[in-house]
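Residue numbers (the numbering used here): 322 to 1529.
To keep things clear, I will list the structure first and then write my remarks on it.
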Amino acid sequence: MDWYMMNCELLATCSALGYLEGDVYHREPDCLESVKDLIRYLRHEDETRDVRQQLGAAQILQNDLLPILVQYHEDKVLFDAVIRLMVNLTQPALLCFGKVPADATSRHHFLQVLSYLQAYKEAFASEKVFVVLSEKLYNLLQLDWEQRQEEDTLLIERILLLVRNVLHVPPDPTEEQQGVDGDASVHDRVLWALHISGMDDLLKFLASAQVEQQWALHVLEIISLMFRDQSPEELAALGQGTAGAEHGEDTRELEALRQRELAEKRARALQRPSRHSRFGGSYVLQGLKSIGDRDLVFHKGLHNLKSYTHDLGKEPRRVPRHRQATPESEPWRRSARNVRLFLRHFCQDFLEGCYNRLMLLVKDQLVREKAQQHDETYYLWATAFFMAFNRCHGFRPELVSETVGVRAFHFIEQNLTTYYEMALMDKKEATTWARRMHLALKAYQELLRTVQEMDRSPEQAVRDSSQVIKSNIFYLMEYRELFLALFRKFDETKQPRSFLRDLVETAHLFLRMLERFCRGRANLVVQSKRVRRKKKKPRVAAVPPPPSAAELEQLWEGLAPQLQACLEGEVPLPEDVVPFDAASETPVEEQRAEALLRIQECLRDSHVPQALRLLRSAREVWPEGDVFGAADAGPPEETRLLREILVAPLPRQAPAEPEELEEEEEEDEEEEQTVQVSEKEFNFLDYLKRFACAPVVRALVLLLRGYARNSPRTNHCAARLLHRLARDLHMEPLLFQLSLFALFHRLLSDPAAAAHQELVALAKFILGKFFALAATNKKAFVELLFWKSPAAVCEMTKGYSSLQEGEGTTRSRVPPWSPQEEQELRELYWKYKEVEGGDIIAAILAHLPTAGRTRKQVVKQLVRMGLASSAKDFPRERKGTRIVLWTEEQEEELTRLFEEFQDSDDVLGNIMKHLTARRSRARVVEKLLGLGLVAERKELYKKRRRKSHGPGPGQAAKGVPAMPAQGSSGEDEDSEEEEEEEEDEAEEGPMEEHWVPEEGAGQELAQRLQQEGLAGPLRWLENCLRRVAGDREEDGVSHPVPLVPLTEENEDAMEDRRFQTLLRQLGLRPPASEQESFWRIPAALTPQQLRRVAASIAHRGPSGSSQDLPEPLRCPQEPAPAEPLPAGLGSDSESEEPVPVPVPSPVQPRSKRRRELASEDEDEDGEGSGTEAAPAAPCSEEDEEDEDPQLRGRRKRVRCLEEEEEED
């Protein structure tokens, strides 16, 4: 903007500041008021930031404000006003505009403001300015809190903000391109001026002082901007050797470039002939077709043959902007040597005296939400940078102890997951969230490297602390699933290549640490989570409870005289009562249930005339079925019908909520997720198979495309991950992809391929495997065009019919329809299509020869065959429209069936089978209770018959519950009867605990189970019984003890019906209610009875004598004691107790079944108030005294956990 185009008022204000004569600035008398006017003008500028641009074009800060600041710093009022103005002028452009504008005009204004800020930064590269700021800040910090005024605190904050704004200005790209590495840039000059003035020492004081805690985030932000262009590895290596050693890496890079250039020259020299020929000749390229069917004719020299492609002469295809790869945020540049030396000493002093305290204060403010939004990014940067510097500079773990621990991992993982989710949801700001995600990933990577370095420490305490950290990290599922999620959602249009590089290196490091951690452990148990989704039920308004039978009888007694008067004609009946709604979308035939509800509501509201009129009108509308009485019904019949309608439990719909809550109802119908936490045995190869997917391989191939620009470590990590997938998992076809083969071709033809031996070896290995497979599978060449999954790999190697035979994971669960089945389905459809009033699909399912078909499968097949347009042609029957009234004949039939089957084992089941009118079990039970045929529901439960082993008839008299005999016909019942049986079992309640098994109970069944391979569960059951017997003898108190299986074999046995039959024969009690999940050893069994029962199921050798098993050294329900891991650096500043990884019971070391830690509720009807529930399989006091104190402490913690779960 031209100077003469300035606003006249703004120009007059700037002229009133003063003038510069040589190195001396002369201020005007109205200088202070002019500065305040400029602050006021900036406050009211428009969206183009016109005032800011005019002041920048006039160079007010360089020519007026900085000289005033340097020469008149003693004037406190003027100094404060100038600082306020400069803080406003140096405000970052992103804060002025909110974001980088998209339109051209706004973007031009944005770039203009940015150019003025870069000019301001160059003006601040002066020692005089920073000397004044440092002295002023030093004097303010010398004041005690009692002497420090509010204006002093504001001035301290403004000085820190001014330094922050100056350092925040990005570099000028044109200047960076003109300079070379090692030259002093504008940022370097500003840092050097900051160092000469002593501002860096004041920053270290603010970071370490106890009374200056409020400036923690300001200091951390300034420090992060100071080290913006620096590499912690290079700073740590600086000054540790001679100058030649320091430049060794540069020398090696130059030598590699020189060797590459020489190799290319040699290759070109071999291609062209020694004697030049004006006529290069023409050649026919066999196998390469031209536009027609003939071979291509090449008219150039042979040395140009390798560069030939069909795309020569074509215009390159333009990539749309939204598909272009994301550029790197800032190009890396090496600062001047003296600046790097000063920054290196600053890092050393900061780590030794400030790092732990400052990071503790910053994290506390972040956790308590005292910081501004996204300030955690500075914390993440500081964690990655200073831990990397400490690792490369002597590695003293005590200097970074604040950010080494499980809490640090958890904090970083939480932020990384948040950024990941926001990048998926906030599409417009996905690039910004990706940058934040990159910072969190680098911090996570540095934490892993620090833990790896702790493993190599000569101190045993440090190594033990690293083991504690790794056991906690590898145990939790979130840390293991993190890299898979990042790989699968990697998008090169939103995330730069540097993010992919750090992701591959971090994943490689995590896999290597996890592999080594698993190598020395036989059974590693980790946490597993399963997410179950279910739709929330829409909120319904509070429905008043239905009136009881006594209340209804009392109400009927009051309505009877009024009804009698209406029937005799003494009370007139209303004439405007209609039993149905003609305008409703519901058909008239389906409004009968609503008419019944309206009659019932009228009766309960004492509106007898309306109820009687509705009854007579409904009889005229729906005469069929005599639901509302016969056409010639008299007063007694109508009285009986109205009484039945009054007491009938009709299904009611929830009343509609107000209109303003409709939106909340829609939100409540979203899916509700429930997370089930359990444990399982970890297998490294199973975990590695999760990486065998197309997104991971595609990301690795994308990274390796720039193998010439990648560092050797990056190429090694990518090649090692591909080697794991191909060699360790035996999935070489996973890498049979054309883009990867093109990369291999470019690599093998590269003259400098000798520098990438690892990639060359991988390429030769994969290509050899491909050509070996192509010799037997000719379709392998076509498979090159597609990314493959493990199922496709299995098909390529084992045959394309393997998945159809049921060996693959993508096998369809729905069996295909054969032509014969389709013909039968077509005939059944045309047969039952014309039947009115019937369900076509139900009729087809009933007569379909092939069993196992569901309604949904039949409907889909009918639509697929063109017999129906959509599934809407076959609506399901509406619920709530069936008539629940019982006629007199139906009541007589129910009474007759009850009298016939009341002595049978399954009274309700037999009644349901022989009942003419189809009704639900609940309706039949309610009617039986209403007729007085049974007093309570328990009388209708199915009776159990138990197999007797003793005298037989006498057991029934002694209260022995009936046990089902093994091999009885009950095992061959239909699936529907089994479901009803399970419902009956849930309603029957717990088995009586006063029953005592006789000697030798279950011995025959135990021997049979022993022969069928259940020896392990039987030994486990025997040990549990003997342990409980010993505990009851020592304690003198008996409690029900749950049987908690910890291995897959034991849990499968507990679900086996024959094993449950054995448990019943032994006198054990099944779960009594839904709040119990495990079988229990009843409290009524004495120690002698428990030992007798255990002896009856003991395994017997060839001679028939039982083989005595030694007493177990610990409770079978408890995990094996883990090795004590001392708490060192694994804990944060607060006390943190490491949780050792539990190991499954040695009964079955190969268990992979997940185990839940929560215990079930053990309170019984009369025991919850007086006694405390015993833990699962308690150990004796003597064993607890002899065992390891750490194991005993862990057991107490587990018991506390169980008690808390029971209270919840």
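Just so it is clear, CB atoms sit at the ideal spot from N, CA and C, and this is done for glycine as well.
Predicted model only: the values in this text are computed from it and were never measured.
Between the CA atoms of residue j and residue i - distance to the nearest angstrom
{"i": "Arg581", "j": "Leu821", "result": "26 angstroms"}
{"i": "His620", "j": "Arg639", "result": "29 angstroms"}
{"i": "Gln1381", "j": "Pro1338", "result": "12 angstroms"}
{"i": "Thr426", "j": "Thr369", "result": "9 angstroms"}
{"i": "Asp747", "j": "Met758", "result": "14 angstroms"}
{"i": "Pro1408", "j": "Arg1217", "result": "50 angstroms"}
{"i": "Phe804", "j": "Leu1384", "result": "46 angstroms"}
{"i": "Ala1015", "j": "His1168", "result": "46 angstroms"}
{"i": "Leu1249", "j": "Asp1352", "result": "48 angstroms"}
{"i": "Thr1175", "j": "Pro1196", "result": "15 angstroms"}
{"i": "Gln931", "j": "Pro895", "result": "6 angstroms"}
{"i": "Leu918", "j": "Leu1330", "result": "57 angstroms"}
{"i": "Glu1053", "j": "Leu1088", "result": "10 angstroms"}
{"i": "Asn736", "j": "Arg1026", "result": "30 angstroms"}
{"i": "Arg770", "j": "Leu679", "result": "22 angstroms"}
{"i": "Ser938", "j": "Pro944", "result": "10 angstroms"}
Where the beta strand (DSSP E) containing residue i begins and where it ends
{"i": "Glu342", "result": "339–342"}
{"i": "Lys748", "result": "That residue, Lys748, is in no beta strand (DSSP E); it is neither H nor E in DSSP."}
Residue from the options with nearest C-alpha to residue i
{"i": "Gln534", "options": "Trp466, Glu496, Glu1355, Cys713", "result": "Trp466"}
{"i": "Leu1006", "options": "Tyr1150, Leu1050, Gly955", "result": "Leu1050"}
{"i": "Ala1172", "options": "Trp1138, Cys417, Glu368, Pro893", "result": "Trp1138"}
{"i": "Leu1023", "options": "Val507, Ala1075, Pro817, Ala1238", "result": "Pro817"}
{"i": "Gln645", "options": "Lys815, Ala528, His928, Leu807", "result": "Lys815"}
{"i": "Ala577", "options": "Pro1196, Val1358, Lys1152, Ala1076", "result": "Ala1076"}
{"i": "Thr995", "options": "Gly608, Gln1144, Arg851", "result": "Arg851"}
{"i": "Leu626", "options": "Gly634, Val605, Pro637, Arg642", "result": "Val605"}
{"i": "Pro553", "options": "Phe667, Leu458, Leu609, Phe526", "result": "Phe667"}
{"i": "Ile1418", "options": "Phe451, Lys1109, Gln1332", "result": "Gln1332"}
{"i": "Val1018", "options": "Leu1009, Leu1055, Lys1010", "result": "Leu1055"}
{"i": "Leu609", "options": "Thr630, Gly602, Ser603", "result": "Thr630"}
{"i": "Leu438", "options": "Glu395, Ala1063, Ile543, Gln383", "result": "Gln383"}
{"i": "Gly715", "options": "Asp473, Lys1152, Ala761, Leu672", "result": "Leu672"}
Alpha helix (DSSP H) segment containing residue i, residue limits
{"i": "Lys1010", "result": "1005–1010"}
{"i": "Gly1323", "result": "Neither: Gly1323 is in no alpha helix (DSSP H) and is coded neither H nor E."}
{"i": "Arg1348", "result": "1336–1356"}
{"i": "Arg1412", "result": "1408–1417"}
{"i": "Val532", "result": "Unbroken run through Val532: none, as it is neither H nor E."}
{"i": "Leu1146", "result": "1140–1153"}
{"i": "Tyr459", "result": "448–463"}
{"i": "Val1017", "result": "1015–1025"}
{"i": "His508", "result": "507–518"}
{"i": "Lys635", "result": "Unbroken run through Lys635: none, as it is neither H nor E."}
{"i": "Asn328", "result": "Counting along the chain, Asn328 falls outside any alpha helix (DSSP H), and DSSP gives it neither H nor E."}
Reduced DSSP category for residue i - H, G, I as helix; E, B as strand; rest coil
{"i": "Phe619", "result": "strand"}
{"i": "Val1531", "result": "The structure shown does not extend to residue 1531, since the chain spans only 322 to 1529, so no value can be given for it."}
{"i": "Val372", "result": "helix"}
{"i": "Gln607", "result": "strand"}
{"i": "His759", "result": "helix"}
{"i": "Ser552", "result": "coil"}
{"i": "Tyr346", "result": "strand"}
{"i": "Pro1366", "result": "coil"}
{"i": "Val356", "result": "helix"}
{"i": "Ala1286", "result": "Note on Ala1286: pLDDT 37, under 50, position unreliable in the model; the coordinate value appears next. The answer is coil: DSSP assigns Ala1286 none of H, G, I, E or B."}
{"i": "Pro976", "result": "Because Pro976 sits at a pLDDT of 49, beneath the cut-off of 50, its placement in the model cannot be relied upon, and the point is left open."}
{"i": "Gln848", "result": "strand"}
Query raised in the report: Which parts of the region 1069–1103 are runs of the alpha helix (DSSP H), unbroken and 4 residues or longer, counting only runs that do not cross its ends?
Result: Runs of the alpha helix (DSSP H) inside the region 1069–1103: 1078–1095.
Requested in this report: For the region 789–825, list the alpha helix (DSSP H) runs that are entirely contained and at least 4 residues long, ordered along the chain.
Outcome: Runs found: 798–809.
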